[in-house]
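Asks:
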Amino acid sequence: MNVFDIIIGMDNDLSDLKELIKEKRSPQFDSFASFQLILWHINVDFSAISTINDILSEENELINSANTVKETFFNLKGKNVRVVIGVPIMNKPFPLNLLSDNIRVTTMKKNRVET
Numbered sequence: 605m606n607v608f609d610i611i612i613g614m615d616n617d618l619s620d621l622k623e624l625i626k627e628k629r630s631p632q633f634d635s636f637a638s639f640q641l642i643l644w645h646i647n648v649d650f651s652a653i654s655t656i657n658d659i660l661s662e663e664n665e666l667i668n669s670a671n672t673v674k675e676t677f678f679n680l681k682g683k684n685v686r687v688v689i690g691v692p693i694m695n696k697p698f699p700l701n702l703l704s705d706n707i708r709v710t711t712m713k714k715n716r717v718e719t
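In terms of the numbering used here, the sequence shown opens at residue 605 and continues consecutively.
1. Go to isoleucine 667, then tell me how far its alpha helix (DSSP H) extends in each direction, as first and last residue.
2. With a threshold of 16 other CB atoms inside 10 Å of the CB of lysine 683, please say whether the residue is buried or exposed.
3. With distances taken between CB atoms, is the gap from leucine 660 to leucine 618 smaller than 9 Å?
4. Between which two residues does the alpha helix (DSSP H) containing aspartate 720 stretch?
5. Go ahead and pull the three-state DSSP assignment for asparagine 657.
6. Measure the C-alpha to C-alpha separation of arginine 629 and aspartate 620 and round it to an integer number of angstroms.
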């Protein structure tokens with residue numbers, strides 16, 4: 605399982621976060637659009653994750669890309685994993701492949717990251 609950091613402004617929305625994820629994981633994510641990424645919000649220490657399936661549910665899926673980072677990731681402390689990424693697989697009957705990539709989201713209070 606890979607963990608990488610994303611730095612994003614608190615006023616950015618989740619679609620901006622998806623753009624940053626896609627850019628950070630280029631060229632691996634070049635074959636699909638950023639809006640196709642599926643994100644789940646978690647707050648788990650990396651060492652406590654045994655399998656991805658244990659921590660994902662419909663309840664923690666980030667569905668509304670218009671929500672801001674501030675609305676989604678409040679009370680951030682420590683270096684816990686914040687997001688699990690799902691990506692589409694082209695030409696497959698089941699359109700989602702759960703990557704073993706996770707993100708620790710680091711926020712900046714005032715600056716909006718432009719994408």
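C-beta: ideal position from N, C-alpha, C; glycine also. These numbers were taken from a predicted model, which means no experiment stands behind them.
Replies: In brief:
1. Looking at the DSSP string, isoleucine 667 is not in any alpha helix (DSSP H), and its letter there is neither H nor E.
2. exposed
3. no
4. Residue 720 lies beyond the stretch modelled for the chain, which goes from 605 to 719, so this question has no answer here.
5. helix
6. Whole-angstrom Cα-Cα distance: 14 Å.
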